[in-house]
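Each remark here refers to the structure printed beneath this line.
In the UniProt record's numbering, the protein residues as written are 1 to 700.
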């Protein structure tokens, strides 16, 4: 059952529960639920939130207060709004329609692939509003705002969608996108969600980030957290997407210079390639090597006009990135990076640990760094997770350990500088120490604050580096000369916007069993509702010595609690256990089981997330279902197809009367058949032509 405001106190407590932004929702921090999402979210609301004394469009709202340090303590609100579908003005989920989930259904021994899911009873919105709204209550219409720092929606069956995320470049003054994404990923993992989808249509200026990151890293920005291809638009499959990424990333820089030899861009392309080759300590061979290196430089570089590098993303002790500096005079200058004694840094913070305790923890970490660097010969840094695991045996309190590591950057501990940076290859934070005697200090130590300044090579401003990124993106990835294969591959990647992360169901080390339970329709229901399919399956958590009767009860309760169509569902039998008595205990490990029953309400309007779902899609590009792109229906056959594939530009209005190519050909078959085919070939040729065989690539 849903948690309602009547079951909770009407007013928030005077003192909010405070949680650290960067550790909240880690395992055991503050909860470690072991059930399904529909149970875990209730525990989360009871243990980690405070009920607000207002509602959002009549929906109960809870608040979790997260504490983050950005030169000063900030308190970030994380709101959870429970939306009961029956009372919602928008009972169907548009994101489920465009993203889709593939389920297989057995009808008279024929397997069909359908794109539908049952309407879940409740949806949970997790929202961090923009910085300027942190002290204001949520208002009606909050679900339609796209400027939130975070907005995620999770159905009570554990399937959900990341709707928006906005960091520094999206308008936040304090929180970076990766910090917000880390928080979202920890919450999803802790609450045991099943699948989360995201539509990546993000742009930075004129650059589609999914294409830039796909070529540079082999995955989209969300791929850092395990999101992979879900489905493409315009008939793009995962195979086509993978081949397109592979083809684009393997373009060699020497080939690019040759192919641009007779173009007006040749000098600038050549200059950019040679410039970064001279800056790199490793050989840059392909466009992937180049883009990855340039993006790494950009992440380390300061914004224009800043006196030092961004401490949260780059190490203050930057080794020279050049073999020679003749092509980069701006790199020859020196800039000053400020260090402060660790004790003075933490003394300013409102911590439950004393400065002495934090100093001791820092010294333990530094000793471990010294030992690790000594064994590695002083090469490279120590990844954060390795350092954390190594010091846990000496610092038993993981909260103390995480708090200390968070402030070990640009600080002096004993006779060592401690710095933190992102490894450009693994994109993981690494810690490194330097002896004070090995670094040149600037005269004029600030006696009041105890800070000292270390000379480090300056980096070119990030905005200047990004100009080169945009030039490579525009001219190489989008405007490659005389090679349609590159254009087709880029279009394939751009037509892939939907990505998904799936959390596998595993049995934990406790006294419970976890199964995926699926409902098998009976023949009477199939005769009434031909769209019936196997549900994605519900997670059932039961005791080790569960009986058949208890298994039926658990499955029945889960289905009734999850889906509108299942409110009166009754389990009659469990597949493969028909001959067993209800009191018997089934033995053997089975990852999932199927049940049959009665009482499914096929008459309710709240059946499928797509509503009636009675349209037909059949487009020239191969699409057979709604993929979220703009479509038009033929006024004769009523079949939907993409406007782009029908020759209608996105900026043009749909004509009042539209006839598709198939119906047009059937109306005037003899005289126009060849002409229509020719026009169709010219119109769709760039989308449908197979790749040149001599190149050994086939995206189709």
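Using N, Cα and C, we set each Cβ at its ideal position, and we do this for glycine too.
Since I believe residue j is in contact with residue i (beta carbons under 8 Å), could you give me their beta-carbon distance rounded to a whole number of angstroms?
i	j	result
residue 503	residue 193	6 Å
residue 177	residue 130	Not confirmed; about 14 Å, so no contact.
residue 513	residue 548	Residue 513 to residue 548, Cβ: 13 Å. No contact.
residue 703	residue 215	A question about residue 703 goes unanswered here, because the residues of the chain that appear run from 1 up to 700.
residue 365	residue 400	The pair is not a contact, with the Cβ atoms about 11 Å apart (cut-off 8 Å).
residue 489	residue 244	4 Å
residue 498	residue 231	5 Å
residue 568	residue 118	Wrong, their Cβ atoms sit about 14 Å apart, outside the cutoff.
residue 166	residue 538	That belief does not hold up - the Cβ atoms of residue 166 and residue 538 are roughly 33 Å apart, past 8 Å.
residue 341	residue 411	7 Å
residue 222	residue 198	6 Å
residue 212	residue 471	Not quite, the Cβ-Cβ distance comes to about 12 Å (not below 8 Å), so this is no contact.
residue 210	residue 486	In fact, because the Cβ distance is near 17 Å, the residues do not count as touching under 8 Å.
Pick out whichever of the options has its Cα sitting closest to the Cα of residue i.
i	options	result
residue 417	373, 408, 214, 81	408
residue 560	122, 626, 90, 256	122
residue 367	423, 199, 181, 435	435
residue 500	361, 521, 604, 219	219
residue 96	60, 32, 195	195
residue 562	600, 545, 581	600
residue 236	150, 185, 354, 496	496
residue 718	163, 152, 94, 147	The first residue shown for the chain is 1 and the last is 700, placing residue 718 beyond what the model contains.
residue 357	404, 198, 161, 393	404
residue 20	64, 290, 639, 35	64
residue 162	491, 579, 183, 653	183
residue 519	550, 565, 477, 487	565
residue 475	175, 260, 34, 43	260
residue 145	128, 390, 159	128
residue 250	217, 361, 580, 181	217
residue 413	344, 469, 430	344
residue 515	464, 492, 546	546
residue 179	394, 667, 66	66
residue 294	469, 554, 73, 570	469
residue 164	173, 491, 143	143
Apply the 10 Å Cβ neighbour rule to residue i and answer buried if 16 or more other Cβ atoms are within range, or exposed otherwise.
i	result
residue 375	exposed
residue 155	buried
residue 169	exposed
residue 609	buried
residue 326	Only weak support is given to the placement of residue 326: the predicted model assigns it a pLDDT of 34, under 50, and the value that follows is read from those uncertain coordinates. Looking at its Cβ environment, which holds fewer than 16 other Cβ atoms inside 10 Å, residue 326 is exposed.
residue 544	exposed
residue 359	buried
residue 558	buried
residue 425	exposed
residue 140	exposed
residue 4	Any reading at residue 4 needs caution, since the residue's pLDDT is 43, under 50, leaving its predicted position unreliable; the model's value is listed next. Exposed, by the Cβ-count rule.
residue 552	buried
residue 449	Any reading at residue 449 must be qualified, since the residue scores a pLDDT of 37, below 50, and its modelled position is unreliable; the value itself is stated next. Exposed.
residue 385	exposed
residue 115	In this prediction, residue 115 scores a pLDDT of 38, lower than 50, which makes its location untrustworthy; the coordinate-derived value is nonetheless stated afterwards. Under this definition residue 115 is a buried residue.
residue 77	buried
residue 337	Model confidence at residue 337 stands at a pLDDT of 48, short of 50, so the residue's coordinates are unreliable; what they give is reported in the following sentence. Counting Cβ neighbours within 10 Å, residue 337 comes out buried, since at least 16 surround it.
residue 467	exposed
residue 642	buried
residue 288	buried
residue 148	buried
residue 109	Confidence at residue 109 is low in this model, with a pLDDT of 27, below 50, so the placement of that residue should be treated as unreliable; the coordinate-derived value is given next. Exposed, since its Cβ has fewer than 16 Cβ neighbours within 10 Å.
residue 432	buried
residue 160	buried
residue 239	exposed
residue 89	exposed
residue 32	exposed
residue 200	buried
Just list the residues that DSSP pairs residue i with in beta bridges.
i	result
residue 236	Per DSSP, none; premise fails for residue 236.
residue 514	541
residue 208	203
residue 128	150
request  = Please determine if the stretch 41-50 and the stretch 195-208 are in contact, where contact requires at least 3 C-beta pairs separated by less than 8 Å.
outcome  = no
task = Tell me, please, whether the stretch 620-632 touches the stretch 642-654 by the rule of three or more beta-carbon pairs shorter than 8 Å.
result = Three or more beta-carbon pairs drawn from the stretch 620-632 and the stretch 642-654 are found closer than 8 Å, and the two stretches are therefore classed as touching.
key: Meets three-Cβ-pair contact criterion under 8 Å: the stretch 183-197 and the stretch 23-34   = yes
request  = Mind the definition here: the stretch 574-582 touches the stretch 591-598 only if three or more C-beta pairs lie below 8 Å; say whether that holds.
outcome  = yes
request  = Give a yes or no on contact between the stretch 655-663 and the stretch 270-287, applying the rule of three or more CB pairs nearer than 8 Å.
outcome  = Touching, no, given that fewer than three Cβ pairs across the two stretches are closer than 8 Å.
ask   = Below 8 Å, can you find three or more Cβ-Cβ pairs linking the stretch 281-297 to the stretch 480-489?
value = no
request  = Take every Cβ of the stretch 52-60, pair it with every Cβ of the stretch 76-94, and state whether three or more of those distances are shorter than 8 Å.
outcome  = yes
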